[in-house]
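Number of protein chains: 2
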Amino acid sequence: MGEFELIRHYFAAASCAQGGEGVALGIGDDCALLSVPPGEQLAISTDTLVAGVHFPAVCDPFLLGQRSLAVAASDLAAMGATPIGFTLALTLPEVRADWLQAYACGLNQMAESCQLSLIGGDTTRGPLSLTMTVFGRVPGGQALTRSGARAGDLLCVGGELGNAAGALPLVLGERVADAAQAEPLLAHYWSPQPQLALGQALRGKATAALDISDGLLADCGHIAKASDVALQVELERLPLSAALQAVLGHDDAQQAALAGGDDYVLAFTLPEAELASLLAAGWPIHVVGRVGAGSGVRLLDGGGQDITPQTRGYQHFKETP
Amino acid sequence: MGEFELIRHYFAAASCAQGGEGVALGIGDDCALLSVPPGEQLAISTDTLVAGVHFPAVCDPFLLGQRSLAVAASDLAAMGATPIGFTLALTLPEVRADWLQAYACGLNQMAESCQLSLIGGDTTRGPLSLTMTVFGRVPGGQALTRSGARAGDLLCVGGELGNAAGALPLVLGERVADAAQAEPLLAHYWSPQPQLALGQALRGKATAALDISDGLLADCGHIAKASDVALQVELERLPLSAALQAVLGHDDAQQAALAGGDDYVLAFTLPEAELASLLAAGWPIHVVGRVGAGSGVRLLDGGGQDITPQTRGYQHFKETP
C-alpha cells in the first residue's frame with residue numbers, strides 16, 4: 001500500500017471532516033490547496049511529538065491520536081483562529097493495521113471535534129514520531145499575538161490548571177489513584193480540548209494570548225517578554241480541580257498549576273472593561289493576576305509577598321556547554 | 322536556550338530570507354500568519370526525512386540542510402506555486418552547536434535560492450529526523466495537479482534523470498568514482514535544485530505535473546491514475562547525463578532513469594502545441610513519451626516494443642500480511 005493509500009485508507013474520516021470549508025484540494029497531489037477568504041490571514045503552527053519524549057513509547061494509540069492533534073490545534077486557539085485543516089507527518093517503525101486503525105480513530109474524533117480536515121501528509125519508516133501542522137484563518141490584524149499586553153490589564157486563564165501535570169505520574173505508572181480522581185486528570189492529559197471557541201471570542205478583546213504548554217509561569221514569561229511588561233501571578237487565585245487536589249494535595253496541586261506543562265488552557269491579558277461581558281456570556285475565565293510596568297514574571301502569595309520560584313517550566317533543550 | 326531562541330539563533334538568515342513577501346508574522350508566536358493575495362490559493366506540502374532511511378545517519382549537516390529543504394520545495398515546483406515560506410520541525414538526539422551551525426548554513430543557502438522564508442518550527446529531542454512544511458501561492462485554478470493529462474499530450478521531463486540514483490552507491494560508500502564523474506552526481510543528490518521557475522512557466526500550459534521522487538515509471542503511474550489515461554515512456558528518449566553513463570554504464574543508467582528515486586525533476590504532460598514556445602524560451606524540456614487512452618504506464622523500446630518491467634520504484638511501506 002503506497003503512502004497516499006495508507007493515509008486515505010485509515011484517515012478517510014479525518015480527510016473529510018467538517019473543516020472542509022476552505023480546502024480546495026486535499027490529499028493525493030504534490031500539494032494541498034487552501035482558499036483564504038479576502039481580508040483574512042492564514043495561521044500556521046507545527047508541533048512534533050516523539051515517543052519516549054512527549055508520550056510514553058507504549059501507550060494507547062487511540063488516545064495518542066486524540067492528544068497529538070489537540071496539542072497542535074491548541075496553537076490555533078491561542079491565535080483566535082478558525083480551524084481549517086492539518087497535515088500529518090507520521091513516522092512509524094512498522095505498519096501495524098491495529099495500531100493505525102486505533103490511532104486514526106482517535107485522530108478522526110479530535111479532527112471532527114475541532115473541525116479540522118486532514119489535507120495532506122507523509123508516512124515514513126523510522127522511530128515513532130508525529131509532526132502535525134495546523135491551519136486556521138483569522139480576520140486580518142485580529143490574531144491574538146503575545147505582544148499586546150498593557151500595564152493595567154488583567155491576567156486570565158481559560159480553565160483549571162495543573163490537571164495534565166497531575167496526570168503524568170499516573171500515565172507513567174509512578175502513582176495510583178482511585179478511578180474517580182484519576183479519570184478527569186487522565187482525560188485532560190490524553191484528550192485536552194483546544195479552546196478554539198474561547199480564542200475566537202477573545203478576538204478584539206484580549207490584548208495578548210497563548211496556550212499554556214510549558215507551565216503558567218514559563219508561558220507568562222513569553223507574554224511578558226514579547227509585550228515588554230511585567231506579569232504578576234497571584235498564587236491563591238489559581239483555579240485547581242478537586243481531582244488534582246485529591247491526588248496531589250493542595251500545595252503540590254499549586255505547584256502543578258504553576259510549573260506543570262501540557263495544560264493547553266489559554267492564558268491571556270484582558271482590559272478590565274472587557275471582563276464582565278465575557279463572564280456574562282458564560283466563558284470559563286479566571287483572573288489569576290495582573291499586568292504591570294517592568295519586565296519578567298512575579299509570583300505573589302495571598303498577602304502580596306513576592307515568592308517567585310527559580311524553576312521556570314520545561315524546556316526541551318538546554319544549551320550544551 | 323529555548324526552542325525559539327535555538328531557531329532564531331541558528332536559522333536567523335533563513336527566517337529573513339527574501340521570501341518574506343506574504344509573511345505577516347514569522348517565528349516566535351503560537352502561529353505564523355500568512356497573507357495570501359486575493360484570487361490566489363495557498364499550496365502546502367509536508368515531507369519528512371529520517372536518518373538511516375532517507376539519508377545516511379552520518380552525513381555532512383550542511384548538505385543535509387540543503388537537501389532537506391530542496392526535497393520539500395520541489396513539491397511547490399510541481400504545483401507551479403510561487404514560494405512563500407516553510408516551517409521546520411527538527412528532532413535531534415542532542416544539541417551540538419557545530420552540527421546546527423552547519424545544518425542551518427546549508428538550509429539558509431537553499432532557502433535563499435528558493436526564496437523561501439522560515440516562518441516557524443519546533444525543536445524536540447529524539448532520533449534525528451526533519452519535517453518540512455512548505456507554502457507557496459498560485460493563482461486560483463492554475464495549480465498544476467496530476468489529474469489533467471489528456472490523450473495526445475506529450476510526456477515531458479525538465480532535465481536529466483537518474484543522477485541521484487547514480488549518486489546513491491557513492492553516498493553510501495559502496496562504489497568509488499573519479500571526482501570528475503562523481504561530483505555532478507553527488508551535487509544532484511545533496512542539493513537538488515527544485516524547478517520552481519519551470520513550474521511557474523508551465524502554469525496554463527501543462528495539463529498535469531509532479532516532481533519525480535519515486536522514479537519516473539512509478540511517478541508516471543500517479544499521473545496515469547489521477548488523470549485516467551495511459552502513459553507511454555520511450556526508453557531511448559530518456560535524457561541521461563554523461564557522468565551517470567560513465568559511472569553506471571549505459572544500461573544501468575537507463576535503469577536509474579526509469580526507477581531511481583530522488584530526481585526532483587518535473588515530469589509533466591503538455592499539449593503538443595505548447596512545446597515550441599517553451600523550448601524557444603530556453604526551458605530544459607525533454608519529450609520522453611506520450612499520453613494515450615487507457616490506463617497504466619508502458620515502457621517502449623526504440624522499436625516501439627512493450628518492455629514494461631515489473632518493478633515500480635520505491636515505496637516506504639509495504640502492507641503487512
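Chains as they are written, first to last, in this note's numbering: chain A, 1 to 321; chain B, 322 to 642.
Where a beta carbon is used, it is the ideal one built from N, C-alpha and C, also for glycine.
Next item on the list: Using 10 angstroms around the beta-carbon of Pro194/A, count the other beta-carbons present and answer buried if the total reaches 16, otherwise exposed.
Entry: buried
Margin query: Can you tell me whether Cys352/B is helix, strand or coil according to DSSP?
Written below: Coil at Cys352/B, not helix or strand.
Notebook entry, point to check: Which of the three DSSP states, helix, strand or coil, is assigned to His571/B?
Noted result: Three-state result, His571/B: helix.
Next item on the list: Taking only beta-carbon positions, decide if Tyr635/B is within less than 8 Å of chain A.
Entry: Any reading at Tyr635/B needs caution, since the residue's pLDDT is 46, under 50, leaving its predicted position unreliable; the model's value is listed next. Closer than 8 Å: no.
Margin query: Can you check which of these residues, Val612/B, Gly494/B, Gly479/B and Gln463/B, is closest to Tyr585/B by C-alpha distance?
Written below: Gly479/B
Next item on the list: Kindly say whether Thr590/B, judged by its beta-carbon, lies nearer than 8 Å to any beta-carbon of chain A.
Entry: no
Note to self: Using only CA atoms, which one of Arg558/B, Gly603/B, Ala503/B and Leu475/B lies nearest to Ala522/B?
What the structure shows: Gly603/B
Check: Under a Cβ-count criterion, where at least 16 other Cβ atoms within 10 Å of its own Cβ denotes burial, should Leu64/A be classed as buried or exposed?
Finding: So Leu64/A ends up on the buried side.
Margin query: On the CB-based measure, 16 or more other CB atoms within 10 Å of its CB, does Asp549/B come out buried or exposed?
Written below: Only exposed fits Asp549/B, as fewer than 16 other CB atoms lie within 10 angstroms of its CB.
Checklist line | Listed by chain order, chain B residues near Val322/A by CB distance under 7 Å | finding: For chain A, the structure presents residues 1 to 321; residue 322/A sits outside this window and is missing.
Check: To which residues of the same chain is Ala563/B closer than 8 Å at the C-beta, ignoring the five residues directly before and after it?
Finding: none
Next item on the list: State the start and end residues of the unbroken alpha helix (DSSP H) segment that holds Val357/B.
Entry: Premise fails: Val357/B is in no alpha helix (DSSP H) and is neither H nor E.
Next item on the list: Determine the direct distance from the alpha carbon of Thr444/B to that of His330/B, and round the result to whole angstroms.
Entry: 13 Å
Next item on the list: Could you run through the region 176-206 of chain A and flag, in chain order, every residue whose CB is less than 7 Å away from some CB of chain B?
Entry: none
Notebook entry, point to check: Does Ala73/A have its Cβ less than 8 Å from a Cβ in chain B?
Noted result: With its beta carbon at least 8 Å from every one in chain B, Ala73/A lies outside the interface.
Check: alpha helix (DSSP H) containing Gly166/A: first to last residue?
Finding: Asn163 to Val171
Next item on the list: Identify whether Phe11/A lies in helix, strand or coil by the three-state DSSP scheme.
Entry: coil
Notebook entry, point to check: Under the DSSP definition of a beta bridge, which residues are partnered with Leu587/B?
Noted result: Looking at the DSSP assignment, Leu587/B forms a beta bridge with Asp532/B.
Notebook entry, point to check: Can you find a C-beta in chain A that's less than 8 Å from the C-beta of Thr454/B?
Noted result: So, interface residue.
Item checked: Status (buried if at least 16 other CB within 10 Å, exposed otherwise) for Gln553/B -> buried
Next item on the list: Can you give me the start and stop residues for the alpha helix (DSSP H) that Ala226/A sits inside?
Entry: Note, Ala226/A: alpha helix (DSSP H), Leu216 to Ser227.
Check: Quick one: which chain B residues come within Cβ less than 8 Å of Gly120/A?
Finding: Ile365, Ser366 and Thr367
Margin query: Does the beta-carbon of Lys526/B, which I'm using as the reference point, lie nearer than 7 Å to any heavy atom of the ligand ATP?
Written below: In the structure on display, the ligand ATP does not appear, and there are no ligands present to speak of.
Item checked: Close-in-space but distant-in-sequence residues of the same chain around Gln101/A (CB under 8 Å, 5 per side omitted) -> Tyr10
Next item on the list: Can you grab the Cα-Cα spacing for the pair Ser35/A / Arg146/A, in whole Å?
Entry: Put simply, the backbone Cα of Ser35/A is about 26 Å away from that of Arg146/A.
Item checked: Neighbouring residues, chain B, relative to Met110/A (Cβ below 8 Å) -> Here the premise fails: no neighbours, minimum Cβ distance about 18 Å.
Margin query: Taking a contact to mean a Cβ-Cβ separation below 8 Å, would you say Ser366/B touches Gly406/B in this structure?
Written below: no
Next item on the list: Report yes if the CB atom of Gly441/B is closer than 8 Å to the CB atom of Thr403/B, and no otherwise.
Entry: no
Note to self: If we define contact as Cβ-Cβ less than 8 Å, is Arg471/B a contact residue for chain A?
What the structure shows: no
Check: Under 8 Å, do Gln41/A and Ala364/B count as touching if we go by C-beta distance?
Finding: no
Margin query: Less than 8 Å between the C-beta atoms of Gly624/B and Arg458/B, yes or no?
Written below: no
Checklist line | Every unbroken alpha helix (DSSP H) within the region 173-199 of chain A, with a cutoff of 4 residues, ordered by chain | finding: 179-190
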